[in-house]
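J.: In the UniProt record's numbering, the protein residues as written are 1 to 128. Note that beta-carbon positions come from the ideal geometry of N, C-alpha and C, so glycine has one too. Computed from a prediction, not measured in an experiment: that's the story for all the values here.
(1) For residue 93 and residue 63, I'd like the C-alpha separation in whole angstroms.
(2) Which of the three DSSP states is assigned to residue 126 in this structure?
(3) Between the segment 107 to 122 and the segment 81 to 91, can you find at least three pairs of beta-carbon atoms closer than 8 angstroms?
(4) Helix, strand or coil, according to DSSP, for residue 28 in the structure here?
(5) Give me the Cβ distance between residue 76 and residue 107, rounded to the nearest whole Å; I'm assuming they're in contact under 8 angstroms.
(6) Taking the C-alpha atoms as reference points, what is the distance between residue 65 and residue 38?
(7) Just mark residue 32 as buried or exposed, buried being the case when its beta carbon has 16 or more other beta carbons within 10 Å.
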């Protein structure tokens with residue numbers, strides 16, 4: 001199966017993505033992660049106003065197959081969270097890079113994502 005990895009995103013080897021627009025980072029999980037998880041049944045995310053730290057746990061995602069930690073690709077403050085995905089986590093699979101985002105963070109240092117994987121690097125890692 002051919003999965004998409006948008007070029008404007010950066011990726012973690014733990015399957016989170018980040019889209020940086022100015023000082024606002026949108027964070028979610030990749031199509032590969034959704035494919036591996038199967039049917040998502042529960043999503044736990046930080047609250048608005050919570051501080052997040054690059055590389056630290058920011059929540060969990062649960063499917064019929066597994067429970068996985070979600071990690072932050074940036075350090076900053078949560079300014080928005082996708083309540084629709086919390087209410088209906090099964091919808092994440094429909095559009096993981098669009099409507100299926102998890103949180104938006106005002107980042108302390110936009111340069112933090114420089115060591116995240118590019119789309120080509122991530123694709124090579126997960127698809128061999």
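T.: Looking at the coordinates:
(1) Going from the Cα of residue 93 to the Cα of residue 63 covers about 11 angstroms.
(2) helix
(3) no
(4) strand
(5) In this structure residue 76 is in contact with residue 107, their Cβ atoms being roughly 4 angstroms apart against a cut-off of 8 angstroms.
(6) Computed Cα separation, rounded: 7 angstroms.
(7) buried
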